[in-house]
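Engineer: Here the protein sequences line up with chains A and B, keeping their order.
The opening residue of the first sequence carries number 4 in the working numbering; numbering runs sequentially from there.
The opening residue of the second sequence carries number 211 in the working numbering; numbering runs sequentially from there.
Submitted below is the structure of interest, expressed as structure tokens.
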Amino acid sequence: MLSLIGKRLMFAIPSLIGVVIVTFLLTRALPGDPAAYFAGPSADKQAIEEIRKKLGLDKPLIEQFLRYTADLAKGDFGNSLTTGQPVATELRNRLPASAELTLLGLLVSVMIAIPLGILAATRPGSWIDHLCRVTTTAGVSLPVFFTGLVLVYVFYFRLGWSPAPLGRLDVFASTPPNVTGFYLIDSLIARDWEAFRSAFNQLILPTATLAIFSLAPIARMTRASMLAILSSDFVRTARASGLSPRAVIVTYAFRNAMLPVITTLSMTFSFLLGANVLVEKVFAWPGIGSYAVEALISSDFAPVQGFVLTMAVMYVLINLIIDILYGVIDPRVRLEG
Amino acid sequence: MTAQPLLDVSDLTVEFATRRGIVKAVQHVNISVAKGETLGIVGESGSGKSVTSYAVMRILDRAGKIAEGSVMFSGVDIKGATENQMRDLRGREISMIFQNPRAALNPIRKVGDQIEDVLRQHAQAGSADRAEKAIEALEQVKIARPRERYHAYPFELSGGMCQRVVIALALACNPQLLIADEPTTGLDVTTQKAVMDLVVELTKSRGMSTILITHDLGLAAAYCDRVVVMEKGRVVETALSADIFANPKHAYTKKLMQATPRLGVSLRDLLPAEERAAMPVQALLTSPRLRGEVDARSASGEGEPASESLIPPHPDPLPASGEREQKPLLTVENLVKEYARQGATASLAKLFSRKPPTEPDKFRAVDGISFTVGHGESVGLVGESGCGKSTTSMMVMRLIDKTSGRISFDGDEIGEIAPNSFARLPLRKSIQMVFQDPTDSLNPRFTAARAIADPIMQLGDIKGSDALRAKCEDLARQVGLPLELLDRFPHQMSGGQKARVGIARAIALQPKLIILDEPTAALDVSVQAVVLNLLQDLKQSMGMSYLFVSHDLNVVRLLCDRVIVMRTGRIVEQGLTEAVLDAPQDAYTKELLSAIPHPPLPVH
């Protein structure tokens, strides 16, 4: 098992090198001059030149790249121009916020989508099938910023049930001591119920926003793959040997139907992690998505490169986990590799 | 059959709600099975034989329902039973084995666990001895090393072994009735014999009743006490199997029997009398095989059968020049195809498997075979699955590379040409193929005309849509495909019609050699009879050679001049068809021949 993981990580190295090169070149190719931006609107030409020299942007591209990779090898992602903070620290602080939100959103949507998909597949044409269809269509057609804003408008502004959409904790709660970076878990470890409740309340709306969006692909895939499996020969055999509907659906159909669902899940997860910028914006969530977008707008290279690299690593890890899960579920994958 | 029958189906009608209204798949069917009896239900596809059995089990699709009639199983009214009652019956009182055993098992669950599922459901064993019971069930179906197989997944077992597991699953709870739905279709003849013998032995020893659903008259005759013949959802004849084959009453039964390839008949004999009369005379004149020269009687020296003595001696269809006669069209020498056994993923497999692999790295699918195909000759390539016959045909077809050896076609060394570049050579026109599954081998988005025109558009010299259309119509006429079907899509045609499209496509470029890969294996016997005759006629009129890949020795006997018997990549025997099949020299050929169930059919 360990050597399998090691081998997969080895395979990932060339693609990571590619990501480093491409992001480096892309950020250089983008319009906008970081030196000019950094110097401010009132700076004259000489001041901009000076800053350019200070940032090392006057050097040839190849030299900049070599210096960048040498820093990377030491674990140094460079410093953000706008905040002055090291990128690595910023990412480390912000990644848990994004991950906590995304994981929770995904968990909620899986808990709704999979039962919904299974029920829709076992009762095609029934009201639950129609409900599934309507929910999934709505889920994909409503953009996240819209759902997010509607939720904020209704539950915060109109009804006042939820706290202000301003970050991960309300202003009066204190941040729990950092263990995992996930506030829900950290506050539990510290037995800080106040912080837990606050973090939880802050999470409800953005989680719901993400869940509504990611519900659609998962429910659809579950339904389609369950339908295909339910009409297969071995399900007929199971029914013909008198197994209970529960055993037929759970043990025989669902486990087989899970493979494509897991693939969808991994795609949804990696997509949400980077692309929920809008949700982070709406809820003032201090995640990596909003961080990267802000950096991109201000031509701040280091955070963008750091962000893309982090996402690439995450993607490799998620794919590895998916492959291992595949092997656990389907014995045929173990042999074929 | 005087006692109370175990299963009594009376006046059963099953309806399916489809988009085009209600379809009656089974109409007013009466079937009864006595205790300990083996009943055969015989019919072609669409005759409703499987639907009848699903109705008995009440496992019809959502769209299907029992509309009329009653099904009584040892006093229980199956039509009126609740779902819970049915669940208790299924698997414990009535159980079923299916066609395509590999698909009938859950691919990601150990076979032992699947047997335990059934035992648990019907409370046949406590949790302590359930595993032992499952192993016992595997033992009874004569699986070698059942304790090891208990932990196997279906994909690790062969087709015959999977069917044994399905049987173990079905018999685990000692049911009173076993329904076997085409249990051996798709299995090799020797495996078929082993599986059927096992079913009979187990059911007889437990005093069980069996319903054997099959399209194979020979199988039904060999294993059943009584036979029910179904056509288009109705029972047309019911009789003791000895009687029905000796003296079929219904026209459909007669037609079915006539179409079954068997010893001592010619290709033409398979067709109904009126169709035989409609066949082109020219073909009759020129084909020695059609005139029944391979007939058992003529082979044994009785001379021309009286019925055909009217036909005058024919001119040779291929007045061969000496050179042509000497040089075979296709020569294959020492052909070898090796596959790497596991390749790059070997280490992955090692990680998960319990024991280290003991097999060598290379696997020889084809192991040094040599044969020739002459001009205008049909050569049969027979053997069981995995013997390398398909690999051989693919290499000759230049679809895959050979590992070593020579393939020479019409004077050209085609073995050295890579498959990709061969596709663009004019030589490609000369070797064409008819594939096994007429449905899967046609593009579902192409009309019949488009499918036939495809090779002409790629390699032919006919330009312009009108000329193409005319050529397609020509070809359709040649293969007997009604012209109005040319604009239909594959799903709108029957199996036989699709087979004709496949053949028209293969002959479109007037090839010299056609490779036929089990072209009739997916067809009903009556359709098979027509298609085989068509192939024979086309060969005569176009002077083609056939390499006929098949596992059905009866069909090979009818169509081929020579036969090559393969086993595990090697040729065990080859020679003239009559010589090999009537007096086999090799033990394996003998085994193959003896495994064919012979229906007691009248030699007309």
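Heads up, the beta-carbon is just placed ideally off N, CA and C, and yes, glycines get one too.
Bear in mind the structure is a predicted one, so any value in this text is a computation, not a measurement.
(1) Give the interface partners of Ser305(B) over in chain A, defined as CB-CB distance under 9 Å, in chain order.
(2) Bridge partners of Asn82(A), per DSSP?
(3) Is Asp287(B) close to chain A? Criterion is C-beta to C-beta, closer than 9 Å.
(4) In whole angstroms, what separates the C-alpha of Ala430(B) from that of Ile389(B)?
(5) Are three or more beta carbon pairs between the region 539-551 of chain B and the region 583-603 of chain B nearer than 8 Å?
(6) Using 9 Å as the limit for Cβ to Cβ distance, is Asp327(B) near chain A?
(7) Does the distance from the CB of Val773(B) to the CB of Val592(B) come in under 9 Å?
(8) What separation, rounded to the nearest whole angstrom, lies between the Cα atoms of His701(B) and Thr212(A)?
(9) Between which residues of its own chain and Gly78(A) is the CB-CB distance below 8 Å, once the five residues before and five after are set aside?
(10) Does the separation of the CB atoms of Val546(B) and Gly596(B) fall below 9 Å?
(11) Any Cβ of chain A within less than 9 Å of the Cβ of Ala831(B)?
(12) Could you work out which residues of chain B lie near Phe237(A), taking near to mean beta carbons separated by less than 8 Å?
(13) Go through its chain and collect everything with a Cβ distance to Cys770(B)'s Cβ below 7 Å, but skip five positions before and after it.
(14) Extract the residue ranges of the alpha helix (DSSP H) inside the region 137-164 of chain A, only unbroken runs of 4 or more that lie entirely within it.
(15) Show which residues of chain A have a CB atom less than 8 Å away from the CB atom of Asn310(B).
(16) So Leu299(B) packs on Val224(B), CB below 8 Å; how close in whole Å?
(17) Rounded to a whole number of angstroms, what is the C-alpha to C-alpha distance between Phe203(A) and Leu187(A)?
(18) I need the straight-line Cα distance from Met266(A) to Pro168(A), nearest angstrom please.
(19) Of all the options Ser269(A), Leu206(A), Thr30(A) and Pro17(A), which has the alpha carbon lying nearest to the alpha carbon of Phe304(A)?
(20) Between which two residues does the beta strand (DSSP E) holding Ser588(B) run?
(21) Can you tell me which residues form a DSSP beta bridge with Phe758(B)?
(22) Of the choices Val775(B), Ile666(B) and Leu408(B), whose alpha-carbon is the least far from that of Gly370(B)?
(23) Which runs of the beta strand (DSSP E) fall wholly inside the region 303-340 of chain B and span at least 3 residues, in chain order?
(24) Is it right to say Glu293(B) is buried, meaning 16 or more other beta carbons lie within 10 angstroms of its own, or is it exposed?
(25) Can you give me the C-alpha to C-alpha distance between Ala256(A) and Ile24(A), rounded to a whole angstrom?
(26) According to the neighbour-count rule (16 or more other Cβ atoms, all chains shown, within 10 Å of its Cβ), is Phe149(A) buried or exposed?
(27) Taking only the alpha-carbon atoms, compute the straight-line gap between Leu249(B) and Tyr264(B) and give it to the nearest angstrom.
(28) Of all Cβ atoms in chain B, is any one closer than 9 Å to the Cβ of Pro334(A)?
(29) Cβ closer than 9 Å: which chain A residues qualify as neighbours of Arg300(B)?
(30) Is Ala354(B) buried or exposed, if buried means 16 or more other CB atoms sit within 10 Å of its CB?
(31) Let me confirm a value: Gln720(B) is counted as buried when at least 16 other C-beta atoms fall within 10 Å, else exposed. Which label applies?
(32) In this structure, does DSSP put Glu254(B) in helix, strand or coil?
(33) Apart from the five residues just before and just after Lys465(B), which ones in its own chain have a Cβ nearer than 6 Å to its Cβ?
(34) Taking only beta-carbon positions, decide if Ile269(B) is within less than 9 Å of chain A.
(35) Please list, in chain order, the chain A residues whose beta carbon lies closer than 8 Å to that of Ala331(B).
(36) Can you list the residues of chain A that Arg698(B) reaches, using a CB-CB cut of under 8 Å?
Structural biologist: According to the structure data:
(1) Ala243, Ser244 and Gly245
(2) Pro89(A)
(3) no
(4) 13 Å
(5) yes
(6) yes
(7) yes
(8) 44 Å
(9) Ala91
(10) no
(11) With chain B covering 211 to 814 only, the question about residue 831(B) has no answer from this structure.
(12) Ala313, Ala314, Leu315, Asn316 and Pro317
(13) Ser588, Val589, Gly590, Phe758 and Thr787
(14) 147-154
(15) Asp236
(16) That pair is no contact at about 18 Å.
(17) 7 Å
(18) The residue asked about is misnamed: residue 266(A) is Thr in this sequence, not Met. Cα-Cα distance, rounded: 32 Å.
(19) Thr30(A)
(20) Ser588 to Val592
(21) Gly590(B) and Leu726(B)
(22) Leu408(B)
(23) 304-307
(24) exposed
(25) 45 Å
(26) exposed
(27) 16 Å
(28) yes
(29) Arg242, Ala243, Ser244, Gly245 and Leu246
(30) exposed
(31) exposed
(32) coil
(33) Pro482
(34) yes
(35) Strictly speaking, residue 331(B) in this sequence is Gln, with Ala absent from that position. Those are Ser244, Gly245, Leu246, Ser247 and Ala250, listed as they occur along chain A.
(36) Per Cβ cutoff of 8 Å: no residues; Arg698(B) is ~26 Å from chain A at best.
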